[in-house]
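>
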Amino acid sequence: MARIVLVMHAPLASAFAECARHVLGNKPNLVVFDVKPEEPPELLAPQLASLLTNADQDGVLILCDIFGATPFNIAQKALKLAAEQGTQGHVVTGANLCMVLKALADQNKTPDDLCECARLGALKGIVTAD
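Be aware that the sequence shown starts at 762, since it is given in the working numbering, and climbs by one per residue.
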């Protein structure tokens, strides 16, 4: 099972995790990594990398809120560090609740397939409803 990690501006990762719990009715199997403005980014990538490396997982999918923002940059660096330890994974940006829920629903897929399922889940959740 792939590890799903939410890396976002605080408190968004925690809020998405709580919403997922509300919708799914149970505690979701994911890691929350809220990036607070007062935390030095250069210290966070190694912390996150340690959460990404785990022998009993089938890779990681990191979901971030904004491409190019601090949480994304931390996630990119952390995934590179984790890859040196043999962890496979992807970083996807533009996360919305539909993306998080789809990733949780398809958590048994390979990291490559899970990445695409999550991306498509996000797109399907964007609807003009007038």
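Every residue, glycine too, gets a C-beta built ideally from N, C-alpha and C.
Model, not experiment: these values are computed from the prediction.
With 16 as the cutoff for other CB atoms within 10 Å, does Gly850 come out buried or exposed?
So Gly850 ends up on the buried side.
> Quick one: give me the first and last residue of the beta strand (DSSP E) that Met769 is part of.
Note, Met769: beta strand (DSSP E), Arg764 to His770.
> Could I get the ranges of all uninterrupted alpha helix (DSSP H) runs contained in the stretch 826-852, with 4 residues as the minimum, in chain order?
The stretch 826-852 contains these whole alpha helix (DSSP H) runs: 831-844.
> If you drop the 5 nearest sequence neighbours on each side, which residues of the same chain put their C-beta closer than 8 Å to that of Leu865?
Correct list, in chain order: Ile765, Ala781, Leu785, Pro789, Asn790 and Leu791.
> Does Asp909 come out as helix, strand or coil in the three-state DSSP assignment?
The structure shown does not extend to residue 909, since the chain is modelled only from 762 to 891, so the question has no answer here.
> For Phe828, count the other beta carbons within 10 Å of its own beta carbon; 16 or more makes it buried, fewer makes it exposed. Which is it?
With fewer than 16 other Cβ atoms within 10 Å, it is exposed.
> Counting C-beta neighbours from all protein chains within 10 Å, is the total for Val768 16 or more, i.e. buried, or is it exposed?
The residue in question, Val768, is buried, as its Cβ has 16 or more Cβ neighbours within 10 Å.
> In the structure shown, what three-state DSSP assignment does Val792 receive?
Here Val792 sits in strand by DSSP.
> Three or more C-beta pairs closer than 8 Å, one from the stretch 769-778 and one from the stretch 822-839: is that the case here?
As far as the Cβ criterion goes, the stretch 769-778 touches the stretch 822-839, which means the pair count is three or higher.
> Hey, how far is the Cα of Leu814 from the Cα of Glu799?
Checking the displayed sequence, the identity of residue 814 turns out to be Thr instead of Leu. Each residue's alpha carbon lies about 25 Å from the other.
> Spatial neighbours of Ala774 within its chain, please: CB distance less than 7 Å, with the 5 preceding and 5 following residues excluded, ordered by chain position.
Counting only Cβ-Cβ distances below 7 Å, and skipping sequence neighbours, we find Leu767, Val768, Val793, Phe794 and Asp795.
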